[in-house]
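First to last, the sequence lines map onto chains D and S. To convert a position in the first sequence, counted from 1, into my numbering, add 148. To convert a position in the second sequence, counted from 1, into my numbering, add 3. Every residue, glycine too, gets a C-beta built ideally from N, C-alpha and C. Just so we're clear, the structure is a prediction, and the values are computed from it rather than from any experiment. Worksheet: one structure, shown below.
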Amino acid sequence: MIVVEDFHKTYGETVAVSGISFRVGPGEILGLVGPNGAGKTTTLRAISGIIPPTHGRFAVGGHDVATAAIEAKRQLAYVPDDPKLFEMLTVAEHLQFVAAAYRVADSSEKSARLIEQFELTEKENTIAQELSRGMRQKVALCCAYLHSPKAMLFDEPLTGLDPRAIRTLKDSMMRQAEDGAAIIISSHLLALVEDMCSHLMILDHGRKRFFGPMNEVRTAFAELGGEKSLEEIFFHATERDNLADGPGS
Amino acid sequence: MMHPSLLKLIRLISRAKVRRLLRGLRGVKGIVAACFICGFFAIGLAPVIAIGFLKESITSPETIRSIAPLGMLAICVSNLLVAKPENGIPFLPAEVDFLFPGPFHRRELLAYKILGMLMATTGASILFSLFLIAHLTHWLAGFVGLFLILSFIQLVQVSVALVAATVAGRAFTRGRKLFLLVVGICLVYGLADALASAANRDILTVIAQFRSSWAGMFLLAPFEVFGRTLAAETYVPELLGWGSLGLLINAGLVLLVLLLDANFLETSVVASQKMYERLQTIRRGTVWVSIGSSKPGRSHRRLPQLPWWGGAGPIAWRQMSTARRGARRMFVLLFFIGAASAVPFMMRIDNPQALVGAASGMLVMFSLVFLPQMIAFDFRADVDRMETLKALPISSTAIVIGELLTPLIVATAIQIVLIAAVALLQQGLPWELLIAVVFIPPANLLVFGMENLMFLWYPYRQFGGFSDMQAYGRQMMIMLLKMLLLGLVAGIAIGLGGAAYWLAGRSTMAFAVVSWLSVCGLSIGLLPAIAHAYRQFDPSTDTPA
Numbered sequence: 149m150i151v152v153e154d155f156h157k158t159y160g161e162t163v164a165v166s167g168i169s170f171r172v173g174p175g176e177i178l179g180l181v182g183p184n185g186a187g188k189t190t191t192l193r194a195i196s197g198i199i200p201p202t203h204g205r206f207a208v209g210g211h212d213v214a215t216a217a218i219e220a221k222r223q224l225a226y227v228p229d230d231p232k233l234f235e236m237l238t239v240a241e242h243l244q245f246v247a248a249a250y251r252v253a254d255s256s257e258k259s260a261r262l263i264e265q266f267e268l269t270e271k272e273n274t275i276a277q278e279l280s281r282g283m284r285q286k287v288a289l290c291c292a293y294l295h296s297p298k299a300m301l302f303d304e305p306l307t308g309l310d311p312r313a314i315r316t317l318k319d320s321m322m323r324q325a326e327d328g329a330a331i332i333i334s335s336h337l338l339a340l341v342e343d344m345c346s347h348l349m350i351l352d353h354g355r356k357r358f359f360g361p362m363n364e365v366r367t368a369f370a371e372l373g374g375e376k377s378l379e380e381i382f383f384h385a386t387e388r389d390n391l392a393d394g395p396g397s
Numbered sequence: 004m005m006h007p008s009l010l011k012l013i014r015l016i017s018r019a020k021v022r023r024l025l026r027g028l029r030g031v032k033g034i035v036a037a038c039f040i041c042g043f044f045a046i047g048l049a050p051v052i053a054i055g056f057l058k059e060s061i062t063s064p065e066t067i068r069s070i071a072p073l074g075m076l077a078i079c080v081s082n083l084l085v086a087k088p089e090n091g092i093p094f095l096p097a098e099v100d101f102l103f104p105g106p107f108h109r110r111e112l113l114a115y116k117i118l119g120m121l122m123a124t125t126g127a128s129i130l131f132s133l134f135l136i137a138h139l140t141h142w143l144a145g146f147v148g149l150f151l152i153l154s155f156i157q158l159v160q161v162s163v164a165l166v167a168a169t170v171a172g173r174a175f176t177r178g179r180k181l182f183l184l185v186v187g188i189c190l191v192y193g194l195a196d197a198l199a200s201a202a203n204r205d206i207l208t209v210i211a212q213f214r215s216s217w218a219g220m221f222l223l224a225p226f227e228v229f230g231r232t233l234a235a236e237t238y239v240p241e242l243l244g245w246g247s248l249g250l251l252i253n254a255g256l257v258l259l260v261l262l263l264d265a266n267f268l269e270t271s272v273v274a275s276q277k278m279y280e281r282l283q284t285i286r287r288g289t290v291w292v293s294i295g296s297s298k299p300g301r302s303h304r305r306l307p308q309l310p311w312w313g314g315a316g317p318i319a320w321r322q323m324s325t326a327r328r329g330a331r332r333m334f335v336l337l338f339f340i341g342a343a344s345a346v347p348f349m350m351r352i353d354n355p356q357a358l359v360g361a362a363s364g365m366l367v368m369f370s371l372v373f374l375p376q377m378i379a380f381d382f383r384a385d386v387d388r389m390e391t392l393k394a395l396p397i398s399s400t401a402i403v404i405g406e407l408l409t410p411l412i413v414a415t416a417i418q419i420v421l422i423a424a425v426a427l428l429q430q431g432l433p434w435e436l437l438i439a440v441v442f443i444p445p446a447n448l449l450v451f452g453m454e455n456l457m458f459l460w461y462p463y464r465q466f467g468g469f470s471d472m473q474a475y476g477r478q479m480m481i482m483l484l485k486m487l488l489l490g491l492v493a494g495i496a497i498g499l500g501g502a503a504y505w506l507a508g509r510s511t512m513a514f515a516v517v518s519w520l521s522v523c524g525l526s527i528g529l530l531p532a533i534a535h536a537y538r539q540f541d542p543s544t545d546t547p548a
């Protein structure tokens, strides 16, 4: 379970995120969409405890991120947009370290399974510096899955992945959700979001334009009429003329 | 205090560094690089170190005791001068991505950072103490002293970053200014006092007077311990006593850092991102643009477009525009290098012959060692753009000319400015240097041509990391080849010039003209070789990681 309450983030006079609240329950997948600079990455970074909020509260798996950071982080996996790896460590060594950090039991078995699942077997002993963008993304995903987190945050997770890896990632996300993990996916790929997510949040200029179950989004934007695509709803919600808090916020 | 997995990470990274070092020694390139490095150490450094161990120190311990605290003060003050609340403690981008969202306390991350820093400092201290062995009474004292000094400087830097993260930005800026003002007043007062009371203006006498003034004693008190450790003449009680005291001071700083427990993560994320972007730019070869980047939103004046010149014009224009963006910082650094080089000249200004000799030697070394590395506005800066270059409808020869034009012009301009500076000091231009001005452009074409030829044959990134063994070997190899090529070209030019001299009835003019034409011809003769190497370059396999 991920809980965000009244999250504000400002940098000097710039407002990055302005008072958003939401919760993602076990088994739910929330799609976080919004134009560049909407506050998506800031929100994910704040939930994962990397940056402190100017105001607000976060909880992961029932643990407050500010007061019980370690317990909260143990439940969490964060895969950033363009993950940076330790350039000189091999794929296997990355997994070794993550296993030690999260105290994963039977880590070698799990690592082997993930490496095979993401087709990294041949690259197991290759140093990160020599991996392609897609391979690096796969390593980051393996590291994220290794400790079976209860909450997962993905920032543009499909970047650089080949079709087979995209299928593997999608399947694994669905499986994690079925097993009770709360997942947030930040992406510009509206088709992916519509395809995978049970819930949707549209952010724009740090404000929440919509939050609710995916099947309610068209009802919320009924004024558009008919069966509008998510793309049309997105454009409508983030247009300059519609900057007042949208439906569902 | 530290999570076991962080210790494991340090172990893994240390092992990876050794592995990379050994990997760099594999294959023909690796073996050649290793031979060059071993040869360099055997011929260049080993005798210096051996003599240093066997002979007595060439610098008196009192001199070291005088200079070291002052140097530390200068470094700490300059660090404080550039300290900003947003500077943060830089972590590697991978550390940000893996450790910051990981199950670690902030103190554990700080302890990890400090341990990594101390390990790197140990290596640096061993190396520096060996280089400085001739100036040290005991190597062990030098090693311990340098280790404590370098650790102290870094710990102060971390403490300042944490204080900046703890207090509000305005309070930090005010506090910093107040502190610097106090230091400045003490410094001015102490120096004025020292200059007034010193028996002569010899720099060591002035420093000694400054140290004995109350302002000097006050300012240098925290650093004296380290100077005394570095210059310890006995193991017991000097090294043991002062070393232990220095260790205690550093331990106190470590404790302070851990107790501060400021939330440094956010500023570190920003600092790390900046560092990463800068490193990426350096890896792409555009070092000066990364250092001298302009503030966002500021408009740049554009250089006028060059003529087509068969396609060489636009290529050269692009490189010149890049060079222009980083010109300010580059010239500041060059100024400091020039100023540092001018010191020995000023000391020997009454000896014109020595001055010209030293200036010529310095110019040759500067042109062969520093400039080709600093002014890489050529193929080396285009390591990630080779595909784009190859897709252009421009002949390989034109591309080579376009790529070489900018470093050629910039290097020539810098060298001419240096020669002019020597002429100013000398109050006239000696004829040897006047001839050098004429020979500089073709010689530069040779030097930069050779650099680019080597790059296209054995592609590399300019900054491959500190454990990139092949990089060190490659640099030595390129240096040697440049020397050999220049020697060969000079030999041929002198031979042909000599023949012309005799054939024209002992005409010096004939000698100069034929020599110059020979150097030009041989330099231009390198262009087809570079063009061939460029055509052979396969971006899919030759682009380095």
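- Using 8 Å as the threshold, is the segment 120-135 of chain S in touch with the segment 208-222 of chain S, meaning 3 or more CB pairs across them? Contact fails: fewer than three Cβ-Cβ distances are below 8 Å.
_Continuous alpha helix (DSSP H) stretch holding isoleucine 206(S): start and end_ = On the second sequence, residue 206(S) is found 203 positions in, with the first residue counted as 1. Per DSSP, the unbroken alpha helix (DSSP H) holding isoleucine 206(S) starts and ends at 206-215.
**OP:** Determine the closest residue to glutamate 89(S) out of Glu269(S), Cys79(S), Met120(S) and Leu25(S), with distance taken between C-alpha atoms.
**Re:** The sequence position of residue 89(S) within the second sequence is 86, counting from 1. Ranking the options by Cα distance to glutamate 89(S), first place goes to Glu269(S).
CB contact below 8 Å: glycine 105(S) versus chain D | What you label residue 105(S) is simply residue 102 of the second sequence in a count that begins at 1. True, the Cβ-Cβ gap to chain D drops below 8 Å.
message: Is the beta carbon of serine 271(S) closer than 8 Å to that of valine 163(S)?
response: For the purposes of this step, residue 163(S) is taken as residue 160 along the second sequence, with counting starting at 1. For the purposes of this step, residue 271(S) is taken as residue 268 along the second sequence, with counting starting at 1. The Cβ atoms of valine 163(S) and serine 271(S) lie no closer than 8 Å to each other.
Original post:
What does proline 305(D) touch in chain S if you count any residue whose Cβ is under 8 Å from its own?
Top reply: In the first sequence, counting from the first residue as 1, residue 305(D) sits at position 157. Those within 8 Å of proline 305(D) in chain S number zero; the least Cβ separation is about 14 Å.
Anticipated Cβ contact below 8 Å, arginine 68(S) with alanine 201(S), distance rounded = Reading the second sequence from its first residue, position 65 is the one you call residue 68(S). Reading the second sequence from its first residue, position 198 is the one you call residue 201(S). The C-beta distance from arginine 68(S) to alanine 201(S) rounds to 17 Å, too long to meet the 8 Å contact threshold.
Mind checking if phenylalanine 234(D) is an interface residue toward chain C, Cβ cutoff 8 Å exclusive?
Reference to chain C is not applicable here, since the protein chains of this structure are D and S.
task: State yes or no: is the C-beta of glycine 282(D) within less than 8 Å of the C-beta of alanine 240(D)?
output: Within the first sequence, residue 282(D) is the residue found at index 134, counting from 1. Within the first sequence, residue 240(D) is the residue found at index 92, counting from 1. Contact flag unset, no.
Output the boundary residues of the beta strand (DSSP E) element that contains alanine 194(D).
Position 46 of the first sequence, counting from 1, holds the residue named residue 194(D). Per DSSP, alanine 194(D) belongs to no beta strand (DSSP E); it is in the alpha helix (DSSP H), 188-195.
Cα-Cα separation between arginine 351(S) and leucine 427(S), rounded to whole angstroms
Position 348 of the second sequence holds residue 351(S). Position 424 of the second sequence holds residue 427(S). The predicted position of arginine 351(S) is uncertain, since its pLDDT is 46 and thus under 50; no value can be drawn from it.
**Message:** For a test of your reading of the model: does the CB of valine 246(D) fall under 7 Å from any non-hydrogen atom of the ligand NAP? Yes or no.
**Reply:** Absence of the ligand NAP is noted for the structure shown, with no ligands found whatsoever.
Note the first and the last residue of the continuous alpha helix (DSSP H) segment covering methionine 4(S).
-> Within the second sequence, numbered from 1, the residue matching residue 4(S) stands at position 1. Per DSSP, methionine 4(S) is not a residue of any alpha helix (DSSP H), being assigned neither H nor E.
So with CB distances below 7 Å, who are the chain S contacts of arginine 222(D)? Residue 222(D) sits at position 74 when you count from the first residue of the first sequence. Listed by position along chain S, the residues whose Cβ is nearer than 7 Å to that of arginine 222(D) are Pro106.
Would you list the one or two residues that DSSP bridges to serine 398(D)?
Only positions 149 to 397 of chain D appear in the structure, and residue 398(D) is not among them; the question remains open.
Item to complete: Note down, in chain order, each residue of its chain lying with its Cβ closer than 8 Å to the Cβ of valine 413(S), except the 5 sequence neighbours on either side.
Response: As a first step, residue 413(S) is located in the second sequence; it is residue number 410 there, counting from the start. Residues of the same chain with a CB within less than 8 Å of the CB of valine 413(S), apart from the 5 flanking positions on each side, are Ala326, Ile378 and Phe380 in chain order.
Anyone know if the C-beta pair for leucine 294(D) and leucine 243(D) falls short of 8 Å? For the purposes of this step, residue 294(D) is taken as residue 146 along the first sequence, with counting starting at 1. For the purposes of this step, residue 243(D) is taken as residue 95 along the first sequence, with counting starting at 1. At a Cβ-Cβ threshold of 8 Å, leucine 294(D) and leucine 243(D) count as neighbours.
**Request:** Check whether the Cβ atoms of valine 227(D) and alanine 288(D) sit closer than 8 Å, and answer yes or no.
**Result:** Mapped onto the first sequence, residue 227(D) falls at position 79. Mapped onto the first sequence, residue 288(D) falls at position 140. Contact: yes.
Original post:
lysine 298(D): which of Glu176(D), Glu219(D) and Gln223(D) sits nearest, CA to CA?
Top reply: Position 150 of the first sequence holds residue 298(D). Distance check between lysine 298(D) and each of Glu176(D), Glu219(D) and Gln223(D) places Gln223(D) closest, using alpha-carbon atoms only.
| message | So, for threonine 190(D): in the same chain, excluding its five sequence neighbours on each side, which residues have a beta-carbon less than 6 Å away from its beta-carbon? | response | Taking the first sequence and counting its residues from 1, the one referred to as residue 190(D) is at position 42. Around threonine 190(D), the same chain offers Lys157, Ala164 and Val165 as residues with beta carbons nearer than 6 Å, after the five sequence neighbours per side are excluded.
Practice task
Write down the C-beta distance between alanine 114(S) and methionine 4(S) rounded to the nearest angstrom, noting that I regard them as a contact closer than 8 Å.
Solution key: Here residue 114(S) refers to the residue found at position 111 of the second sequence. Here residue 4(S) refers to the residue found at position 1 of the second sequence. The Cβ separation is near 5 Å, so the contact holds.
Discussion item. If distances are taken between C-alpha atoms only, which option among Trp460(S), Thr400(S), Thr232(S) and Gly490(S) comes closest to leucine 143(S)?
Written reply: Position 140 of the second sequence holds residue 143(S). Taking each of Trp460(S), Thr400(S), Thr232(S) and Gly490(S) in turn and checking the Cα distance to leucine 143(S), the smallest one comes out for Thr232(S).
- Query: Any beta-carbon of chain D closer than 8 Å to the one on alanine 19(S)?
  - Reply: Along the second sequence, one-based indexing puts residue 19(S) at 16. Under the Cβ criterion of 8 Å, alanine 19(S) is counted among the residues facing chain D.
Margin query: So, at 8 Å on beta carbons, what are the nonlocal neighbours of valine 181(D) in its own chain, with the 5 sequence-adjacent residues on each side left out?
Written below: What you label residue 181(D) is simply residue 33 of the first sequence in a count that begins at 1. In chain order, Lys188, Ser334, Ser335, His336, Leu338, Val341, Leu348, Met349, Ile350, Leu351 and Phe382 place their CB closer than 8 Å to the CB of valine 181(D), counting only its own chain and leaving out the 5 sequence neighbours on each side.
**Prompt:** What does DSSP give as the partner residues of leucine 348(D) in its beta bridges?
**Reply:** The sequence position of residue 348(D) within the first sequence is 200, counting from 1. DSSP, once it has assigned bridges, lists Gly179(D) and Gly360(D) as partnering leucine 348(D).
Do alanine 97(S) and leucine 192(D) have their C-beta atoms closer together than 8 Å?
-> Here residue 97(S) refers to the residue found at position 94 of the second sequence. Here residue 192(D) refers to the residue found at position 44 of the first sequence. The answer is no: Cβ separation not under 8 Å.
Residue environment, serine 275(S), which counts as buried when at least 16 other CB atoms sit within 10 Å:
Within the second sequence, residue 275(S) is the residue found at index 272, counting from 1. Counting the other CB atoms within 10 Å of its CB gives serine 275(S) a total of 16 or more, which places it among the buried residues.
Along the segment 284-315 of chain D, what residues have a CB closer than 8 Å to any CB found in chain S? Contact annotation: in the segment 284-315 of chain D, residues whose CB is within less than 8 Å of a CB in chain S are Ala288 and Cys291.
Where do the N-terminal and C-terminal ends of the beta strand (DSSP E) with aspartate 154(D) fall, by residue?
Numbered from its first residue, the first sequence carries residue 154(D) at position 6. For aspartate 154(D), the enclosing beta strand (DSSP E) begins and ends at 150-159.
Own chain residues within Cβ distance below 6 Å of threonine 400(S), not counting five before or after: Locating residue 400(S) in the second sequence gives position 397, where the first residue counts as 1. Excluding the 5 residues flanking it on each side, threonine 400(S) has same chain C-beta neighbours closer than 6 Å at Ala534, in chain order.
On the criterion of 16 or more Cβ atoms from any shown chain inside 10 Å, does glutamate 326(D) qualify as buried, or is it exposed?
Here residue 326(D) refers to the residue found at position 178 when the first sequence is read from its first residue. Classification for glutamate 326(D): exposed.
- Task: Kindly say whether lysine 87(S), judged by its beta-carbon, lies nearer than 8 Å to any beta-carbon of chain D.
- Result: On the second sequence, position 84 is the one that residue 87(S) refers to. Taking CB atoms only, lysine 87(S) has no neighbour in chain D less than 8 Å away.
query = Going by other Cβ atoms of all chains shown within 10 Å of its Cβ, with 16 needed for buried, is cysteine 38(S) buried or exposed?
reply = Counted from its first residue, the second sequence places residue 38(S) at position 35. Cysteine 38(S) should be labelled exposed.
Near leucine 436(S), which residues of its chain fall below 6 Å by C-beta distance, leaving aside the five closest residues on each side in sequence? Walking along the second sequence from the start, residue 436(S) turns up at place 433. Cβ neighbours of leucine 436(S) beyond the five flanking positions: Ile422.
- Measuring CA to CA, which of His353(D), Thr238(D) and Gly328(D) is closest to arginine 18(S)? Start at 1 with the first residue of the second sequence, and residue 18(S) comes out as number 15. Minimum Cα distance to arginine 18(S) is reached at Thr238(D).
Which of the residues in the segment 233-261 of chain D, read from start to end, lie with their CB under 9 Å from any CB of chain S? Residues Leu233, Phe234, Glu235, Met236, Leu237, Thr238, Glu241, His242, Gln244, Phe245, Val246, Ala247, Ala248, Ala249, Tyr250 and Arg251.
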